[in-house]
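Here the structure comes first, spelled out in structure tokens, and everything after it is commentary.
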Amino acid sequence: MPHSPEDKKRVLTRVRRIRGQVDALERALESGEPCLAILQQIGAVRGAANGLMGEMVEIHFKDELVTGEIMVDQRAVRMAEVGHLLRSYLK
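What the sequence shown shows, in the working numbering, is residues 30 to 120, in sequence order.
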């Protein structure tokens, strides 16, 4: 969870944008839009989700590893956790 109000607002704005794109995708499927239009919408949703992931990783690094008050040995554990998460996400 983002700690600063600005980060939280930015992330929630991205989530709301993704929700709008998913709603548009659902409407396109229900109305029988051409496959190309649906594929483009899926690409937009995927790009938006990737942008959200990138922003959250950046916020996490800043909040936990840069400005956070954790010990050096804990940083290694946290970095390993993030590395595992990113490897799973990128599969």
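A virtual CB, placed ideally from N, CA and C, is assigned to each residue, including glycine.
Please read all numbers here as calculations on a predicted model, not as lab measurements.
Counted as a single uninterrupted DSSP element, the alpha helix (DSSP H) harbouring G80 occupies residues 64-89. Inter-residue distance for R116 and V44 is about 22 Å (C-alpha atoms, whole angstroms). By the CB criterion at 8 Å, A77 and I47 fall inside the cutoff. An exposed status is given to Q103, since fewer than 16 other beta-carbon atoms sit within 10 Å of its beta-carbon.
Between the C-alpha atoms of G49 and H89 there is a straight-line separation of about 25 Å.
Boundaries of the alpha helix (DSSP H) around H113: 101-119. The continuous stretches of alpha helix (DSSP H) do not include G61, and DSSP gives it neither H nor E.
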